[in-house]
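So the sequence lines, in the order shown, correspond to chains A and B.
Counting along the first sequence from 1, when you hit position 17 you're at 17 in the numbering used here, and nothing is skipped either side.
One rule links them: number in the numbering used here = place in the second sequence (from 1) + 225.
2 protein chains.
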Amino acid sequence: MNDQLTLNMDAYLPLRDVVFHTLREAILRGDLIPGERLMELQLAAKLGVSRTPIREAIRMLEQEGLAITIPRKGAIVAGMTEKDMKDVLEIREALEELSVQVACDKITDEEIEQLYKNMKNFENSLKSGDLKEMAHADVEFHDVIYQATDNPKLISMLNNLREQMYRYRVEYLKNPENHEQLLMEHEAIYKGIVEKNKVVVTEMIRKHISNQVAVVKNMIREQEK
Amino acid sequence: MNDQLTLNMDAYLPLRDVVFHTLREAILRGDLIPGERLMELQLAAKLGVSRTPIREAIRMLEQEGLAITIPRKGAIVAGMTEKDMKDVLEIREALEELSVQVACDKITDEEIEQLYKNMKNFENSLKSGDLKEMAHADVEFHDVIYQATDNPKLISMLNNLREQMYRYRVEYLKNPENHEQLLMEHEAIYKGIVEKNKVVVTEMIRKHISNQVAVVKNMIREQEK
DNA sequence: TAACATAAGATTGTATACAAAATACAGTAG
DNA sequence: CTACTGTATTTTGTATACAATCTTATGTTA
């Protein structure tokens, strides 16, 4: 386990929530790697809390698919097989398509403006070369579309699906060869939404998602070794 | 609260799982109604366990959207507004469409056979007039399609979405006027899948889902009064 | 050496104890 | 009568204690 695991006590939240967010972050960032055991006493000591909030946080991670617990054996960080990834992408594709279609109907002028800004931000972040910034800018671009659906349940599901492969997805951005392509896709999606052309935008988002598949598959192969 | 709340201790499962399933069932059956408080001590006493497994079960229900907890105030059974229902159905439609499309590609001969059987079972259950049996037969019909997708993540999401409106959906079956319609839709879906005609089957499942909307909306209106 | 038994230690499961916060309520001032 | 205040009670949050189970190490026997 990594030593970067410390609690962020800023808010007046129940410890279980703080622990949950901390562990979730650690898993998504890769500080806790798939297969790694989540031992209650160890985590409790490291985070300076008792086992109770740790256990409750683990139950939450479990329901989100980020951890797997075997009764009386404990929890481990969930990993994804290539099949799992294929499955998730299949779902993501359907829901991303839904989200752009709904967005075409519901998006406001302010949101379109924000979408443009975030598209440009992403463009700039590519120049900066900072991976974290790129990932963040990319997320923000897509978030505008999610928000435009005005469907909180859908938004949370999409976020969850996206997070499930965050670890692998960042890898995609590492390769500068993909940048041009990404930029073009964002522009096409933006244009499609502005013109409210559902057919085009659906096709573009599909391409956008499926482009990630190949790269991610390779990563998984690495992991499974 | 209802008194039917008792633990089913058959399996050698952690109590949190038993409690989780018990509460989940109670919520879906309507024994615990939306807005009702889930008080730890009360539930612990009623189920004959300590607060610990109750709390962990509540954390799980929370992540499934079946309960809502407000820090330091406790948890309540989640209810659905009309908007929530619309949102869920929007997602369900997309994922149900995906599932029949994938099923067209992947379904096996055995599964087609099973689908036929379950279609007939549903037909018979309608004659019986037993609501519970109808609901169960309906679930089993659709389950075959879910299983055929060979995508466990998708299956669990669809089950979750379906369960979220189980309370309201049963109402749909109460009205015999809907039976003929339902039967025809099932037959059309079955035929479409056998012929692997994605266009037809997608259209049919869409109709099948959206037919539920109006009825369910009325129920919600009742609840919100 | 391999297989197995057994005991020690580690880890999870559950209950309980105590602290902190929210709620309900009675009493009082205005 | 209303609004407020302080207190008692209830309820949740967290820590800890104990029990059950699993793991690991050790030693014994064939």
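Beta carbons: idealized from backbone N, C-alpha and C, even for Gly.
All values reported here derive from a predicted model rather than from experimental measurement.
| query | result |
| --- | --- |
| Measuring alpha carbon to alpha carbon, tell me which of B:Asn-385, B:Leu-257, B:Gln-267, B:Val-274 ends up nearest Arg-451 of chain B. | With chain B covering 226 to 450 only, the question about residue 451 of chain B has no answer from this structure. |
| For Asp-3 of chain A, count neighbouring Cβ atoms within 10 angstroms of its own Cβ and tell me buried if that reaches 16, exposed if not. | Low confidence applies here, because Asp-3 of chain A scores a pLDDT of 39, under 50, leaving its location unreliable and the question unanswered by this model. |
| Against chain B, with Cβ distances strictly below 8 Å, would Gln-63 of chain A count as a contact? | yes |
| Does the pairing of the stretch 243 to 254 of chain B with the stretch 279 to 287 of chain B give three or more beta-carbon distances under 8 Å? | yes |
| Name, please, each residue of chain A whose Cβ falls closer than 7 Å to the Cβ of Asn-376 of chain B. | Asp-87, Glu-90 |
| Rounded to whole angstroms, what is the Cα-Cα separation between Leu-408 of chain B and Arg-394 of chain B? | 16 Å |
| Name the chain B residues whose beta carbon is nearer than 9 Å to that of Met-80 of chain A? | Under the 9 Å cutoff, chain B gives no residues; its nearest Cβ is about 10 Å from Met-80 of chain A. |
| Just to confirm my understanding: we take His-411 of chain B, look at its own chain, exclude 5 residues before and 5 after, and list those with CB closer than 7 Å. What are they? | Met-344, Phe-347, Phe-366 |
| Pull up the CB-CB distance for Leu-41 of chain A and Arg-51 of chain A, whole angstroms please, since I reckon it's below 8 Å. | 7 Å |
| Given that a residue counts as buried once 16 or more other Cβ atoms are within 10 Å of its Cβ, and exposed if not, what is Glu-405 of chain B? | exposed |
| What residues from chain B crowd round Arg-206 of chain A, counting only those whose CB sits closer than 9 Å? | Those do not exist, as Arg-206 of chain A stays about 12 Å from chain B at its closest Cβ, beyond 9 Å. |
| Runs of 4 residues minimum, wholly inside the stretch 339 to 378 of chain B: which ones carry the alpha helix (DSSP H) assignment? | 356 to 373 |
| Could you check if Val-325 of chain B is buried or exposed, using at least 16 other CB atoms within 10 Å of its CB as the buried criterion? | buried |
| Could you tell me whether any Cβ in chain A is nearer than 8 Å to the Cβ of Arg-284 of chain B? | yes |
| Closer than 8 Å by beta-carbon distance: list the chain A residues that pair up with Met-382 of chain B, in chain order. | Ile-91, Met-157 |
| Which term fits Arg-226 of chain A, buried or exposed, when burial requires 16 or more other beta carbons within 10 angstroms of its beta carbon? | Since the first residue shown for chain A is 1 and the last is 225, residue 226 of chain A is missing from the structure and cannot be characterised. |
| Between Met-85 of chain A and Met-165 of chain A, how many whole angstroms is the CB-CB distance? I'm expecting something under 8 Å. | 7 Å |
| As a quick exercise: from A:Met-204, A:Arg-167, A:Ile-205, A:Asn-178, pick the residue whose alpha carbon is nearest that of Leu-126 of chain A. | A:Asn-178 |
| Check whether chain B comes within 8 Å of Glu-36 of chain A, counting only Cβ atoms and requiring the distance to be less than that. | no |
| Quick one: is Leu-98 of chain A near chain B, going by C-beta distance under 8 Å? | yes |
| Comparing alpha-carbon positions, which option in A:His-208, A:Ala-44, A:Pro-176 lies nearest Ala-188 of chain A? | A:His-208 |
| Could you check whether the Cβ of Ala-44 of chain A sits closer than 8 Å to any Cβ belonging to chain B? | no |
| Which word fits Tyr-12 of chain A, buried or exposed, when buried means at least 16 other C-beta atoms lie within 10 angstroms of its C-beta? | exposed |
| Please return the same chain residues whose Cβ sits closer than 8 Å to the Cβ of Lys-384 of chain B, not counting the five positions on each side in sequence. | Note on identity: in this sequence residue 384 of chain B is Asn, with Lys being the wrong assignment. Excluding sequence neighbours, Asn-384 of chain B sits near Tyr-371. |
| Check this for me: beta carbons of Gln-339 of chain B and Val-364 of chain B, under 8 Å apart or not? | no |
| Taking only the alpha-carbon atoms, compute the straight-line gap between Asn-422 of chain B and Gly-74 of chain A and give it to the nearest angstrom. | 46 Å |
| Starting from Thr-294 of chain B, trace the alpha helix (DSSP H) in both directions and tell me its first and last residue. | It is not in any alpha helix (DSSP H) - Thr-294 of chain B instead sits in the beta strand (DSSP E) that spans 292 to 295. |
| Short of 7 Å in beta carbon distance, which residues of its chain neighbour Ala-328 of chain B, apart from the five on each side in sequence? Order them along the chain. | Ile-370, Ala-373, Thr-374, Ile-418 |
| Just reading off the alpha helix (DSSP H) that Ser-91 of chain A is part of, what are its end residues? | Ser is not the amino acid found at residue 91 of chain A; the sequence shown has Ile there. Segment 82 to 106, the alpha helix (DSSP H) holding Ile-91 of chain A. |
| What residue from A:Leu-161, A:Ala-94, A:Arg-24, A:Glu-111 has the CA that sits closest to Met-250 of chain A's CA? | Any question about residue 250 of chain A goes unanswered here, given that chain A covers just 1 to 225. |
| State the beta-bridge partners of Val-302 of chain B as determined by DSSP. | B:Ala-292 |
| Cβ closer than 9 Å: which chain B residues qualify as neighbours of Pro-53 of chain A? | Those within 9 Å of Pro-53 of chain A in chain B number zero; the least Cβ separation is about 10 Å. |
| Of all Cβ atoms in chain A, is any one closer than 8 Å to the Cβ of Glu-281 of chain B? | yes |
| Mind listing the chain B neighbours of Leu-95 of chain A? Cutoff is C-beta to C-beta under 8 Å, in chain order. | Ile-316, Ala-319, Leu-320 |
| Counting only beta-carbon atoms, is Leu-238 of chain B nearer than 8 Å to chain A? | yes |
| Just to make sure I have the definition right: I need the residues of chain A whose C-beta is within less than 9 Å of the C-beta of Leu-248 of chain B. Which are they? | Residues of chain A passing the Cβ test: none, with the nearest at roughly 13 Å. |
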